[in-house]
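Below you can see the structure in the form of structure tokens.
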């Protein structure tokens, strides 16, 4: 099916590792991510707190895991939603009546008129701090990429000998989708999904960073970076943690999406 | 080309409509008496009373049904009547022009530095390959995995806090521009040096480039007459795609460095729920985005006689 | 004076020898043709002589140009001025963003050292000489393949190089355009030397001079072109020559046809509003093999799509006399790899079709045997089999549907000459046995002449 390159495999391995951390970390240490302990603030990593504590004395091992869960969940939801919608609409636009294609093209042109981050920012302003509104806003932007690629590939294929041949042999549309369109879209889909996941995570962190995304006390990578920045000289490891986590998860996705070296 | 410009015009309309509608929803969904807050912003907290609020209510159609209020909102928008900031009370359109200047300065400086970094590195790594190529690939990959605000943060820590070379944030002197512009440039160059590399490699390895050498042109002549333009066409088209990175980078970098541009204004307005300013800033960003895209279209059209990019 | 003299030149990739040591000498006024199939290492020889092998490959041996011993780097100084090379595929060898005349004038200016105005004049003169004066402003995407190749030849010669290496100069060209290109090469080389690399026996015959036959990187025989072509010594050379359609055996065919199958009256075909061909009138009978010829762009493929009902006719009438269901009107494609999904194994594709139309499975094995397809071939996907095998698989699928009409759109043009001969023979034989009418499209009149009962000629 999909032959992964070494680069992609290392990305996948890294991602699996990060997912494992996000899911299993809470099982390994007792407590929760929001309990403050003001007598234990800014402690360095030690036997009790494997990654130390933050400026409220919260357990960073657990907080980081919670933030990762949130980021990964956002990425997974956005990728699935936008991939399903994008591919379906893309294939339909290429194979159905021309008016449908024109309408979809118009909608896409309209959405693309505004830079994605600005659109997400406005959505975030309407319902502040909502995970679900961010999810809708990010998916609203990301489905377009899937749509455009699926439509372009399908459009090219509808004219191809392979599809014409299948039609002449009497095969139906579902068969043609299964045997011709989808296998051609699939490898591209994988790349877009990987980069889309990275972008969704970055987008959410960016919003957290300018303080209009997920609201405290919830743990979110971007938000944590701003919160920890004032303590960078006292507790550099504290700032380093969300930075490293964010960079690693984005790197994992980007490596996975890279079929060949660019 | 005409069709492309028409498409861009459609986008301008879409931006105005989209931003207008979203901010309208935002206004209607806000808790509290909107009219009172707007009146306060216009006449000052002390001068405002329920009578002034009523006048605002009537003027903006806040007491009407949603539909006619929506209509009123648009007529204001189309006549460039963007209202006053709820926070400062200053007319939004005035502060927008001020912010636009700063944003364009930052974007321009960032893109210029990015090209100065990316073009030589991209071409050199394509021509020589080897360790230079691998080193650049690794550096670019790492750089792209790090969000732009993290690059900025690290730049602040290293250049401003540790070495005291440049101011942490703010504006006014050329020194203030260095870190924000450098941050933007690095994040742009991380991607574009690879695109230039790929395209240059494609051209250097192409049959027509080889033929140019075979028919007697020197390395430099072949590059000058057949290399530059053929590399430039896809690279400029890519610039169009990268514009989104520019605009998003500007938003984040301005917020980080308190650079008084539109992105900073937008983020602050959202945080302060300053609706007229949100609308104005988002509108300006959208317009700027469409205009820059149009410029790229025109550049592509000029460079590529085959019909330019299909956006 | 020997213009090129090479001794024991070989090409290696790592430790693998791609081209066995070869020696040759070309004197002034001489023509040398190197004949071999695709992938036989002939292009490597040209690159090794020029000194522009890819960095991953290594050449060994001695090269002397104009009686000077020169290494690969030193040879760059000869490019364009003493020795020039014409790469394969003309549409890739010209700058896609620059007009034809501009590229030619640039060569006169920068390589031959003419003044700017003089270079423009020279370019105009040369283009006029080639009958291309109207096309000087066109870019390569606006030129036909033949025109592009003639511009490329002019560019290659503009620097004044007496020696020209032409690598497959006629690949992908129609026969009429091929002859023009060969003629131009011959004229250009009268004062110097011409080395032509080709797989096309007809081109080798036209050029004449001396000839070398290469197979898998090894020299099989060399000598006078006429002698070799008339009396080949080596079995491979013989097979190559026999594979040229001109040399195919004439057969007596059964010319008793069945009932009329489909007829067209005053048919116009084309895309949108632009008609490619008008006023077509013919009737096709069951079991008849009809050739379709015409230059590229005259609507041969469109005719097929129109007859099969995939494409709308622009005007006229098509009448089907048979009420066979739609799936019995089939088509074979020029590029079988583009016509078969590579996502699943060939067996899956075959099973898909067998179950869709409830085909009797016992018919598969004999037909496969007849087509020379082995059963384990079906376990691979379309990328794992050769072009000839895949085209025969396409024939298998089409024939299992018991077609009444098979429109074969240049089904053998992407295959090497020997396979081309087999596949086209098989197609005609099997169709005849099954009472299926065949329309065989080709740009090669010789092949049509040998395979078809009659010919429909399309002209613009």
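Chains as they are written, first to last, in this note's numbering: chain B, 1 to 262; chain X, 1001 to 1311; chain P, 2001 to 2460. For each residue, glycine too, the CB sits at the ideal point set by N, CA and C. These numbers come from a predicted model, not from an experiment.
Taking 8 Å as the threshold (beta carbon to beta carbon), is residue 2084 of chain P in contact with chain X? Yes, residue 2084 of chain P counts as interfacial toward chain X.
If we cut at 8 Å on Cβ distances, does residue 254 of chain B have a partner in chain P? By the rule that beta-carbons nearer than 8 Å mark a contact, residue 254 of chain B does not touch chain P.
Under 8 Å: do the segment 2146-2162 of chain P and the segment 2191-2200 of chain P share three or more Cβ pairs, one atom per stretch? The answer is yes - the segment 2191-2200 of chain P touches the segment 2146-2162 of chain P, with three or more Cβ pairs under 8 Å.
Rounded distance between the beta-carbons of residue 183 of chain B and residue 2343 of chain P, thought under 8 Å: Rounded to whole angstroms, the Cβ separation of residue 2343 of chain P and residue 183 of chain B is 3 Å, and the two are in contact under 8 Å.
For residue 2136 of chain P versus residue 2100 of chain P, is the C-beta distance shorter than 8 Å? Yes.
Partners in chain P for residue 160 of chain B, counting only beta-carbon separations shorter than 7 Å: Simply 2338.
Would residue 2417 of chain P be called buried (16 or more neighbouring beta carbons within 10 Å of its own) or exposed? By the 10 Å Cβ count, residue 2417 of chain P comes out buried.
Residue 66 of chain B burial status per 10 Å Cβ neighbour count (16 or more: buried): Sixteen is the threshold: when 16 or more other Cβ atoms of the shown chains lie within 10 Å of the Cβ of residue 66 of chain B, as they do, the residue is buried.
Take the Cβ of residue 1245 of chain X as the centre, count every other Cβ of all protein chains shown within 10 Å, and call the residue buried at 16 or more, exposed below. Residue environment analysis places residue 1245 of chain X among the buried positions, since at least 16 neighbouring C-beta atoms fall within 10 angstroms of its C-beta.
Please specify which runs of the alpha helix (DSSP H), each continuous and at least 4 residues long, are wholly inside the segment 209-251 of chain B, giving them in chain order. Whole alpha helix (DSSP H) segments, 4+ residues: 221-228.
DSSP bridge partner residues for residue 2277 of chain P (one or two, in chain order): Bridge partners of residue 2277 of chain P: P:2269.
Given that residue 257 of chain B touches chain P, what residues does it touch there, using C-beta distances under 7 Å? Ordered by position in chain P, no residue passes the 7 Å Cβ test against residue 257 of chain B, which lies about 21 Å from the chain.
Of all the CB atoms in chain X, is at least one closer than 8 Å to the CB of residue 262 of chain B? Note on residue 262 of chain B: pLDDT 41, under 50, position unreliable in the model; no value is reported.
How do the segment 1211-1218 of chain X and the segment 2077-2093 of chain P stand: do at least 3 beta-carbon pairs fall below 8 Å, yes or no? A contact exists between the segment 1211-1218 of chain X and the segment 2077-2093 of chain P.
Under 8 Å between beta-carbons, which chain P residues line up against residue 168 of chain B? List them in chain order, please. Under the 8 Å cutoff, chain P gives 2308, 2310, 2326, 2327, 2329, 2330, 2331.
State the start and end residues of the unbroken alpha helix (DSSP H) segment that holds residue 1268 of chain X. Where residue 1268 of chain X is concerned, the enclosing alpha helix (DSSP H) stretches over 1262-1272.
Anything in chain X within Cβ reach of residue 206 of chain B, meaning under 7 Å, just list it in chain order. The answer, in chain order, is 1147, 1149, 1252.
Go to residue 123 of chain B, then tell me how far its beta strand (DSSP E) extends in each direction, as first and last residue. Element bounds for residue 123 of chain B: not the beta strand (DSSP E) but the alpha helix (DSSP H), 116-126.
On the DSSP letters alone, give me the boundaries of the alpha helix (DSSP H) that residue 2031 of chain P sits inside. Not the alpha helix (DSSP H): residue 2031 of chain P falls in the beta strand (DSSP E), residues 2031-2035.
Between P:2212, P:2436, P:2333, which lies nearest to residue 165 of chain B when the distance is taken from Cα to Cα? Out of P:2212, P:2436, P:2333, P:2333 has the C-alpha closest to the C-alpha of residue 165 of chain B.
Hey, out of P:2173, P:2218, P:2217, P:2150, whose CA is closest to residue 2186 of chain P's CA? Distances from the CA of residue 2186 of chain P to each of P:2173, P:2218, P:2217, P:2150 were compared; the closest alpha carbon is that of P:2150.
Whole-angstrom distance between residue 2033 of chain P and residue 2422 of chain P, CA atom to CA atom: Near 26 Å, if we compare the C-alpha coordinates of residue 2033 of chain P and residue 2422 of chain P.
For the structure I just gave you, are there three or more beta carbon pairs, one from the segment 2286-2302 of chain P and one from the segment 2226-2242 of chain P, closer than 8 Å? Too few Cβ pairs lie closer than 8 Å, so no.
Chain-ordered chain X contacts of residue 2050 of chain P [CB-CB under 9 Å]: Contact annotation for residue 2050 of chain P against chain X: 1214 [CB-CB distance below 9 Å, chain order].
Counting contacts by CB-CB distance shorter than 8 Å, is residue 2156 of chain P in contact with chain X? Yes - at least one Cβ of chain X is within 8 Å of the one on residue 2156 of chain P.
Report buried or exposed for residue 1230 of chain X, applying the criterion of at least 16 other Cβ atoms within 10 angstroms of its Cβ. By the neighbour-count criterion, in which 16 or more other beta carbons inside 10 Å mark a residue as buried, residue 1230 of chain X falls on the buried side.
Three-state class that DSSP yields for residue 2224 of chain P in the structure shown: Strand, per DSSP.
Anyone know if the C-beta pair for residue 2452 of chain P and residue 2289 of chain P falls short of 8 Å? Yes.
Environment of residue 2125 of chain P [buried if 16+ CB atoms lie within 10 Å]: Classification of residue 2125 of chain P: exposed, given that the 10 Å Cβ count is below 16.
Contact between the segment 237-251 of chain B and the segment 1250-1257 of chain X: three or more CB pairs below 8 Å? Contact fails: fewer than three Cβ-Cβ distances are below 8 Å.
Which residue marks the beginning of the alpha helix (DSSP H) containing residue 2050 of chain P, and which one marks its end? Element bounds for residue 2050 of chain P: 2042-2050.
Helix, strand or coil for residue 1159 of chain X per DSSP? In the structure shown, residue 1159 of chain X falls within a helical segment according to DSSP collapsed to helix, strand and coil.
If residue 1190 of chain X sits next to residue 1140 of chain X, beta carbons under 8 Å apart, how far is it from one beta carbon to the other, in whole angstroms? At roughly 5 Å, the Cβ-Cβ gap stays under 8 Å, so residue 1190 of chain X and residue 1140 of chain X are in contact.
For residue 1133 of chain X, collect the residues of the same chain with a Cβ closer than 6 Å to its Cβ; drop the 5 residues on either side in sequence, then sort them by chain order. In its chain, beyond the 5 residues on either side, 1125 have a beta carbon closer than 6 Å to the beta carbon of residue 1133 of chain X.
Note down, in chain order, every chain B residue with its Cβ under 7 Å from the Cβ of residue 2401 of chain P. Simply 169.
Could you check whether the Cβ of residue 1007 of chain X sits closer than 8 Å to any Cβ belonging to chain B? The Cβ of residue 1007 of chain X sits closer than 8 Å to at least one Cβ of chain B.
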